[in-house]
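Engineer: One structure, pasted below without further comment.
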Amino acid sequence: MLCQAIQAQPMPAPPVIPDQSGINQGRFIGVLVGTAAFYTITLLMLRKQWYKKKVPFHSFNDNGEWLQMDKVGHAATAYCMSRGGYELMRWSGVDERASILTGGLLALLFQTTLEVYDGHAEGWGFSKGDMLANVAGTALFMGQQFGPGQQVVSMKYGFRKTIFPPYRPNLLGKTTGQQMLKDYNGQQYWFSVNLASVLPVGPDFPRWLNLDLGYSGSGMTGGHENPVTFDKDGNEVKFTRYRQFFISPDADLSRIGTFSPSLQRFIGTAQFFKIPAPSLEFNRVKGLRFHPLILPKE
Numbered sequence: 003m004l005c006q007a008i009q010a011q012p013m014p015a016p017p018v019i020p021d022q023s024g025i026n027q028g029r030f031i032g033v034l035v036g037t038a039a040f041y042t043i044t045l046l047m048l049r050k051q052w053y054k055k056k057v058p059f060h061s062f063n064d065n066g067e068w069l070q071m072d073k074v075g076h077a078a079t080a081y082c083m084s085r086g087g088y089e090l091m092r093w094s095g096v097d098e099r100a101s102i103l104t105g106g107l108l109a110l111l112f113q114t115t116l117e118v119y120d121g122h123a124e125g126w127g128f129s130k131g132d133m134l135a136n137v138a139g140t141a142l143f144m145g146q147q148f149g150p151g152q153q154v155v156s157m158k159y160g161f162r163k164t165i166f167p168p169y170r171p172n173l174l175g176k177t178t179g180q181q182m183l184k185d186y187n188g189q190q191y192w193f194s195v196n197l198a199s200v201l202p203v204g205p206d207f208p209r210w211l212n213l214d215l216g217y218s219g220s221g222m223t224g225g226h227e228n229p230v231t232f233d234k235d236g237n238e239v240k241f242t243r244y245r246q247f248f249i250s251p252d253a254d255l256s257r258i259g260t261f262s263p264s265l266q267r268f269i270g271t272a273q274f275f276k277i278p279a280p281s282l283e284f285n286r287v288k289g290l291r292f293h294p295l296i297l298p299k300e
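Per my numbering: the sequence shown = residues 3 to 300.
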């Protein structure tokens, strides 16, 4: 249905960003050095924190874990990195096609390196499901940029603190920063659709208005299943695992067009975090719920 709507409508042009008249050498060199530094430092930090013990390369199937929240997270990360790399290249004056390819390849290089690290890590392994999700997120960005020339559907991330990390802090995180990466109960991933790009709207319709479809999970203290868990008084605590689905309005600030050209290039990437807004949730345990602004702690 979404593809049919896109094909049926003339695609409204995104805000015009002045093109570069050739590569800006200063910016280009800065982007290359910064990207190489980010890649190297990040991998060294991850290797020190997470990949301490190296074992022979192996793979494992984790497609059934965490209600597939980790797979959606891989896709969203690859999408964001592809978009960020593309915008950096365009800011440096690289042409459109080369920028799209470079952004996508950089995202896949980074994500693939992490998967190889996982393949040599004790307790993990190379995951074909993770790699498929990485490719899907990259393809979502590249396909839209090569096709309609704009991001009709973007991916965004949301987070809320939950009650689950204290029961398994080593797995779900001890600090808020760790929980943003490890606690899948607190994460939400959103597919943000620009309405003016898929609906037959008039010239007065706000081009920045998006509709977001979100996905999350709750009640998870383990990957495939929850282990036996006790509270501080020694009583056994049982949690029900269930999926959550959301719908919420959103704003694509990159389509407002009141920012400087350089800043406008990066707003779409920086807006990877979902703007708090009223939302409607459905799940099989608690049914239909309305949230006035931010999602409640669970």
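Glycine included, C-beta positions come from ideal geometry on N, C-alpha and C.
Small disclaimer: the values here were computed from a predicted structure and weren't measured.
With DSSP run on the structure shown, which of helix, strand or coil describes G139?
Structural biologist: Correct three-state label for G139: helix.
Engineer: T223 to L174, Cα distance in whole Å?
Structural biologist: Roughly 8 Å separates the two Cα atoms.
Engineer: Do the region 180–189 and the region 102–120 touch if we need at least three Cβ pairs shorter than 8 Å?
Structural biologist: Contact fails: fewer than three Cβ-Cβ distances are below 8 Å.
Engineer: Would DSSP call W68 helix, strand or coil?
Structural biologist: Note: W68 maps to helix in three-state DSSP.
Engineer: Could you have a look at L297 and say whether DSSP puts it in helix, strand or coil?
Structural biologist: Correct three-state label for L297: coil.
Engineer: Tell me where the beta strand (DSSP E) around G201 begins and ends.
Structural biologist: Contrary to the premise, residue 201 reads as Leu rather than Gly in this sequence. Careful: L201 lies outside any beta strand (DSSP E) and carries neither H nor E.
Engineer: Give the range of the alpha helix (DSSP H) segment to which K184 is assigned.
Structural biologist: Residues T178 to K184.
Engineer: Between the region 154–170 and the region 137–146, do three or more beta carbon pairs fall short of 8 Å?
Structural biologist: Yes: the two stretches touch, three or more of their Cβ pairs being nearer than 8 Å.
Engineer: Check this for me: beta carbons of S199 and N212, under 7 Å apart or not?
Structural biologist: No, Cβ-Cβ distance for S199 and N212 is not below 7 Å.
Engineer: Does DSSP classify I258 as helix, strand or coil?
Structural biologist: Looking at I258 - three-state DSSP - the assignment turns out to be coil, as it is neither helix nor strand.
Engineer: Leaving out the 5 sequence neighbours to the left and right, which residues in its chain are closer than 6 Å to A80 when beta-carbon positions are compared?
Structural biologist: Same-chain partners within the cutoff: A109, Q113, N136, G139 and T140.
Engineer: How many angstroms separate the CA atom of P298 from the CA atom of G188?
Structural biologist: So the two alpha carbons sit approximately 10 Å from each other.
Engineer: Let me know if S281 comes out buried or exposed under the rule of 16 or more other beta-carbons within 10 Å of its beta-carbon.
Structural biologist: Per the 10 Å Cβ criterion, buried.
Engineer: In the structure shown, what three-state DSSP assignment does N310 receive?
Structural biologist: The question about residue 310 has no answer, for the chain in this structure spans 3 to 300.
Engineer: What number of angstroms, rounded off, separates the C-alpha of T178 from the C-alpha of F166?
Structural biologist: Using only the alpha carbons, I get a separation of about 12 Å.
Engineer: Among the residues of its own chain, which have a CB less than 8 Å from the CB of I269, if the five just before and after it don't count?
Structural biologist: Closer than 8 Å at Cβ, skipping near neighbours: L255, S256 and F261.
Engineer: Please report how far the alpha carbon of D235 lies from the alpha carbon of N172, in whole angstroms.
Structural biologist: Approximately 20 Å, taken between the alpha carbons.
Engineer: Please state whether DSSP places L282 in a helix, a strand or coil.
Structural biologist: L282: strand per DSSP, three-state reduction.
Engineer: How many angstroms separate the CA atom of T271 from the CA atom of E238?
Structural biologist: Straight-line Cα distance between these residues: approximately 43 Å.
Engineer: Considering Cα atoms alone, identify which of P205, G75, E227 and I249 is closest to G216.
Structural biologist: Among P205, G75, E227 and I249, the Cα nearest to that of G216 is on I249.
Engineer: Compute the beta-carbon to beta-carbon distance between Y191 and V74, rounded to the nearest angstrom, for a pair I have assumed lies under 8 Å.
Structural biologist: That belief holds up - the Cβ atoms of Y191 and V74 are roughly 5 Å apart, short of 8 Å.
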